[in-house]
Amino acid sequence: MIENIFLRIAGFSITINLGDSLNYPFSKKKLSDDINKYLKGFIHPKEKNSDFKINIKQEVDNDVIYKKKEKSFYFKIFEVERNQINCNYEISFGQISFIIRYGILMFLSKNNGFLMHGSAVSIDNKAYIFTGPSGAGKSTIMKMLNSKHPALADDSVIIKWEKGEYYLYQTPMIEKESWVHKQSKKYPIGGIFFLNKSRDFKAEKIISKKEIIMRLISQLFVNQEQTKTQVNNLISFIKKFDQFRIISFSKNQKKLLEFFSKNIV
Numbered sequence: 001m002i003e004n005i006f007l008r009i010a011g012f013s014i015t016i017n018l019g020d021s022l023n024y025p026f027s028k029k030k031l032s033d034d035i036n037k038y039l040k041g042f043i044h045p046k047e048k049n050s051d052f053k054i055n056i057k058q059e060v061d062n063d064v065i066y067k068k069k070e071k072s073f074y075f076k077i078f079e080v081e082r083n084q085i086n087c088n089y090e091i092s093f094g095q096i097s098f099i100i101r102y103g104i105l106m107f108l109s110k111n112n113g114f115l116m117h118g119s120a121v122s123i124d125n126k127a128y129i130f131t132g133p134s135g136a137g138k139s140t141i142m143k144m145l146n147s148k149h150p151a152l153a154d155d156s157v158i159i160k161w162e163k164g165e166y167y168l169y170q171t172p173m174i175e176k177e178s179w180v181h182k183q184s185k186k187y188p189i190g191g192i193f194f195l196n197k198s199r200d201f202k203a204e205k206i207i208s209k210k211e212i213i214m215r216l217i218s219q220l221f222v223n224q225e226q227t228k229t230q231v232n233n234l235i236s237f238i239k240k241f242d243q244f245r246i247i248s249f250s251k252n253q254k255k256l257l258e259f260f261s262k263n264i265v
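Numbers 1 to 265, taken from my numbering, label the letters of the sequence shown in order.
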């Protein structure tokens, strides 16, 4: 029996078709349970048309490549056929997440969007994004602000141009801070902050577009096939959006909340 699960992510309609699984009944149930558990905020009523479909069926062959010199085995996870992705039941939910991310990146490249590393919170229904290299404090500042400003993301955000404005969408990726509530809702972007750990609190606006590009380009998630388009989408965003700041902060939650109340909101 075929089971369909319908998702809405970043404004895209995604259908997951769980096909017949005579040889993999346990795997089908496990995948279905995991999708309904971890992606419940993105589950959506059926729509007339899907932007892309993920077909999970036992008929799809799993090719294995062995590289003798490296003594390594490579297992084919999925195959792409236009707007469909085909795989079989010998995969985990983690691999399903990777497949969904691949599909989203593919469609973002065609629809003025991109996926990047960053945490985020909601302030007055606008998204404020924090980014920087590993260890910059993305999770730290998000958790410190969460008591007053709800967390939207721990490590990844989608930015997309729609109807004359840029919006943040939450990603379906499972992150370290898995308690963050995720859903299909979009948020206008209030600002992007590059993090700097310090004893003092300070926010400095960045004017140089070149500096912003250099800081953001290393934070992009990309599919190899669409790298150029995704970078161009990022550059278009930087040209149109001007709320970029460097924020210096310390691990003092009370002072951080006061600083945001006086200087950011």
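Don't be surprised by glycine CBs; every beta carbon is placed ideally from N, CA and C.
Compare the Cα-Cα distances from residue i to each of the options and report the closest residue.
i      : options                           : result
Gly41  : Thr229, Ile174 and Ile238         : Ile174
Ile123 : Pro150, Ser109, Tyr102 and Phe6   : Pro150
Ser50  : Leu195, Leu256 and Ile104         : Ile104
Lys163 : Ile5, Met142, Leu7 and Gly11      : Gly11
Glu225 : Ser248, Ile212, Phe107 and Phe193 : Phe107
Gln55  : Pro172, Arg8, Ile264 and Ile100   : Note on residue identity: the sequence assigns Asn, not Gln, to residue 55. With distances taken between Cα atoms, Asn55 lies closest to Ile100.
Ala203 : Phe193, Asp63 and Glu211          : Phe193
Trp179 : Asp200, Asp155 and Lys197         : Asp155
Lys182 : Tyr128, Ile9, Lys210 and Ile5     : Ile9
Asn223 : Ile16, Tyr102 and Glu47           : Tyr102
Lys48  : Ile14, Pro133, Lys197 and Ser134  : Ile14
Asn146 : Asn23, Val121, Phe259 and Phe52   : Val121
Gln243 : Pro133, Trp161 and Tyr128         : Tyr128
Thr227 : Leu115, Asp20 and Lys262          : Leu115
Lys240 : Gly191, Phe201, Lys255 and Arg199 : Gly191
Ser21  : Asn232, Tyr89, Lys71 and Tyr38    : Tyr89
Along the beta strand (DSSP E) that carries residue i, what are the first and last residues, could you check?
i      : result
Ile192 : Lys186 to Lys197
Ile247 : Phe244 to Phe249
Ile129 : Lys126 to Thr131
Lys210 : That residue, Lys210, is in no beta strand (DSSP E); its alpha helix (DSSP H) goes Lys209 to Ile217.
Phe6   : Glu3 to Ile9
Thr15  : Phe12 to Leu18
Just curious, the alpha helix (DSSP H) that residue i is in, first and last residue?
i      : result
Val80  : Run containing Val80: none in the alpha helix (DSSP H); it sits in the beta strand (DSSP E), Glu79 to Glu81.
Asn233 : Thr227 to Lys240
Lys138 : Lys138 to Leu145
Ser261 : Gln253 to Asn263
Tell me the rounded alpha-carbon separation between residue i and residue j.
i      : j      : result
Glu81  : Cys87  : 11 Å
Gly137 : Ile238 : 23 Å
Asn125 : Leu152 : 11 Å
Asn111 : Thr229 : 10 Å
Ser32  : Gln219 : 32 Å
Phe75  : Asn62  : 7 Å
Leu216 : Ser208 : 13 Å
Lys143 : Gln253 : 9 Å
Lys251 : Lys186 : 29 Å
Glu113 : Glu165 : For clarity, residue 113 is Gly in the given sequence; the question names Glu instead. So the alpha carbons of these two residues sit roughly 11 Å apart.
Ile189 : Phe221 : 19 Å
Leu168 : Ile159 : 5 Å
Ser184 : Ser248 : 31 Å
Starting from the C-beta of residue i, find all residues in its chain whose C-beta is less than 8 Å away, skip the five residues before and the five after it, and write them out in chain order.
i      : result
Ile213 : Leu234, Ile235 and Ile238
Pro45  : Phe6
Leu18  : Ile2, Glu3, Asn4, Ile5, Lys28, Leu31, Ser32 and Ile56
Ser139 : Ser119, Asp154, Asp155, Lys176 and Glu177
Which residues in the same chain have their Cβ closer than 7 Å to the Cβ of residue i, if we skip the five residues on either side of it in sequence?
i      : result
Ser97  : Pro172, Met173 and Ile174
Phe78  : Ile85, Asn86, Cys87 and Ile99
His117 : Thr131, Asp155, Ser156 and Gln219
Asn263 : Ala203
If you drop the 5 nearest sequence neighbours on each side, which residues of the same chain put their C-beta closer than 6 Å to that of residue i?
i      : result
Lys205 : Arg245
Phe93  : Asp34
Leu257 : Lys148
Just list the alpha helix (DSSP H) runs in the segment 37-116, keeping only unbroken ones of 4 residues or longer that don't cross its boundaries, in chain order.
List check, alpha helix (DSSP H) in window: 93-110.
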